[in-house]
Amino acid sequence: MIIDTSELDATAAYKLLIGTIVPRAIGWVSTLSTSGVANLAPISFFTAVGRRPPMVSLSMQPRSTGELKDTFTNIRDTGEFVTNLVSLPQAHQMHRTAHEFPTEVDEFDAVGLAKAPSEVVAPPRVCDAPVHFECRLDRIIPVGDLDDHVVWGVVERVHVRDDLYLDRGRIDTAALAPVGRLAAEYTLVENVFTTPLDDGVLDVRGGRMRRLDEQDPEFSPIDTDAWSPSGSVRTES
1341 MIIDTSELDA
1351 TAAYKLLIGT
1361 IVPRAIGWVS
1371 TLSTSGVANL
1381 APISFFTAVG
1391 RRPPMVSLSM
1401 QPRSTGELKD
1411 TFTNIRDTGE
1421 FVTNLVSLPQ
1431 AHQMHRTAHE
1441 FPTEVDEFDA
1451 VGLAKAPSEV
1461 VAPPRVCDAP
1471 VHFECRLDRI
1481 IPVGDLDDHV
1491 VWGVVERVHV
1501 RDDLYLDRGR
1511 IDTAALAPVG
1521 RLAAEYTLVE
1531 NVFTTPLDDG
1541 VLDVRGGRMR
1551 RLDEQDPEFS
1561 PIDTDAWSPS
1571 GSVRTES
């Protein structure tokens, strides 16, 4: 199969990207509005883009209504945000914060999450998240003609759970067990390896992924009635 991307509409192109660029790290981004309302949302177009100073990027599309997301407008208007990483115990609360809540709703309160104060920025951190990056806005890059934007932020403080930190910036990644994003679903990063692997291991590990939720192995929520207009969450969650 060879796909000419010029023949794809925005929805098909998006599904192609999110179904192939996997797993993606989830930036669980907390911000404050100019009126002081906290916002929390998962952004899975999230990665590192620089090392001195350390910088991260977030790519954001508008809401399903076409309006800019609160996460984006808060970062644009205040210049600050916190990127929290997600581990399995908070996966469902993270998923719930992907709902398109009204602007005046504090997602921490809506899904029952405790806040922790930040050191140098105003937005709160997600209490009990394993890692937090306190960030200041560096630049905003418009992308395409559908109001997509890329945000770059300078990481000014990093909070790391004590048992995860080794030395000289090194993290015990095998103890982190982060949750990543696939297309419409999530994955738990729970194995590590170095190459080469024995052929027997490759034979055993072939085939479909193992599901943790006891759904049918062929299940996918994409294009079902349960999928939200934003394409981010299942509506009954």
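Quick note on the working numbering: the sequence shown kicks off at 1341 and runs consecutively. Glycine included, C-beta positions come from ideal geometry on N, C-alpha and C. Since we're looking at a predicted model, the values are computed, not measured.
- prompt: If you count every other CB in all the chains shown that lies within 10 Å of the CB of asparagine 1424, and 16 or more means buried, which is it?
  reply: buried
task: Within the same chain, show all residues whose beta-carbon is closer than 6 Å to that of proline 1393, passing over the 5 residues directly before and after it, in chain order.
output: Val1494
- prompt: Looking at the structure shown, is methionine 1341 part of a helix, part of a strand, or coil, going by DSSP?
  reply: coil
- prompt: According to the neighbour-count rule (16 or more other Cβ atoms, all chains shown, within 10 Å of its Cβ), is serine 1375 buried or exposed?
  reply: exposed
- request: Find out if the Cβ-Cβ distance for the pair leucine 1516, proline 1470 is shorter than 8 Å.
  value: For leucine 1516 and proline 1470, yes; Cβs fall inside 8 Å.
query: Hey, out of Val1500, Leu1477, Leu1408 and Phe1412, whose CA is closest to threonine 1513's CA?
result: Measuring from the Cα of threonine 1513, the nearest candidate turns out to be Val1500.
field: Sequence-distant residues of its chain with Cβ nearer than 7 Å to leucine 1506 (five each side left out)
entry: Asp1512
message: Closer than 8 Å is the cut-off here; do at least three beta carbon pairs connect the stretch 1444-1454 with the stretch 1480-1495?
response: no
task: Please go through the stretch 1382-1463 and give each complete alpha helix (DSSP H) segment of 4 or more residues, from N-terminal end onward.
output: 1410-1418, 1431-1436 and 1447-1451
- prompt: Taking C-alpha atoms, which residue in Val1460, Asp1478 and Phe1448 lies nearest to aspartate 1468?
  reply: Nearest in C-alpha terms to aspartate 1468, of all of Val1460, Asp1478 and Phe1448, is Phe1448.
- prompt: With C-beta atoms as the reference, is threonine 1411 less than 8 Å away from methionine 1400?
  reply: Yes. Within cutoff.
- prompt: Can you tell me the Cα-Cα spacing of arginine 1403 and proline 1442, whole angstroms?
  reply: The alpha-carbon atoms of arginine 1403 and proline 1442 are separated by roughly 11 Å.
task: With DSSP collapsed to three states, give me the class of aspartate 1349.
output: Shown here, aspartate 1349 sits in coil according to DSSP, grouped into three states, outside any helix or strand.
- prompt: So, using beta-carbon positions, are leucine 1428 and leucine 1528 closer together than 8 Å?
  reply: yes
query: Hey, would you say isoleucine 1562 sits closer than 8 Å to alanine 1523, going by beta carbons?
result: Their beta carbons are under 8 Å apart, which means isoleucine 1562 touches alanine 1523 by this criterion.
message: Helix, strand or coil, according to DSSP, for glycine 1359 in the structure here?
response: Three-state result, glycine 1359: helix.
- prompt: If valine 1422 sits next to valine 1396, beta carbons under 8 Å apart, how far is it from one beta carbon to the other, in whole angstroms?
  reply: No, valine 1422 and valine 1396 are not in contact; Cβ-Cβ is about 11 Å, not under 8 Å.
- prompt: Where does the unbroken alpha helix (DSSP H) through leucine 1542 begin, and where does it stop?
  reply: 1539-1544
- request: Quick one: residues in its chain with C-beta nearer than 8 Å to the C-beta of serine 1458, no 5 flanking neighbours on either side, listed in chain order?
  value: Val1422, Pro1464, Arg1465, His1472, Glu1474 and Arg1497
field: Cβ-based neighbour list, proline 1536, same chain, cut-off 7 Å, excluding 5 preceding and 5 following
entry: none
- request: Please go through the same chain and pick out, in chain order, the residues whose beta-carbon is closer than 6 Å to the beta-carbon of arginine 1548, but skip the five residues on each side of it.
  value: Result list for arginine 1548: Pro1557, in chain order.
- request: Under 7 Å Cβ to Cβ from threonine 1345, same chain only, skipping five residues before and after it: list those, please.
  value: Ala1353
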